[in-house]
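Report on the following structure.
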Amino acid sequence: GCIKTECLHEGWQTDSSKKVVRLAFNLYTDRTVSVYDYGSQGGQLWECRHYSAAEIMCCEYVKYFLEAVKIRYSDYL
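Take any residue in the sequence shown, count from 1 to its spot, add 936: that is its number in our numbering.
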């Protein structure tokens, strides 16, 4: 499927909803796909940092995120 990374730049996105989207992108592609939305190396590094486990998981949705990870990697549990 086609991932539409521009959704991360929509005005309705909150910090928490961006975490949900980035986790979904990562679980689906195993990549930091939205990094390519930025032309500069600094912008790409800034976006890449938002895919770290600490950046994504440190929020009120962590228990749901962990369930998503369990589903995605159920073959390894």
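Just so it is clear, CB atoms sit at the ideal spot from N, CA and C, and this is done for glycine as well.
- For CYS995, the CB contacts under 7 Å within the same chain, skipping 5 residues up- and downstream, are SER952, LYS955 in chain order.
- Between the stretch 967-974 and the stretch 997-1013 there are fewer than three C-beta pairs closer than 8 Å, too few to call the two in contact.
- Distance from the Cα of SER1010 is smallest, within the candidate group LEU963, GLY979, TYR987, for LEU963.
- Comparing alpha-carbon positions, the option among ALA989, GLY947, GLU946, GLY978 lying closest to ARG967 turns out to be ALA989.
- In terms of Cβ geometry, ILE992 and VAL969 do not form a close pair [threshold 9 Å].
- Take LEU959, set aside five residues on each side of it, and the residues of its chain with a beta-carbon closer than 7 Å to its own are ILE992, PHE1001, ALA1004, in chain order.
- Beyond the five residues adjoining it in sequence on each side, ARG1008 comes within less than 6 Å, by CB distance, of LEU963 in the same chain, given in chain order.
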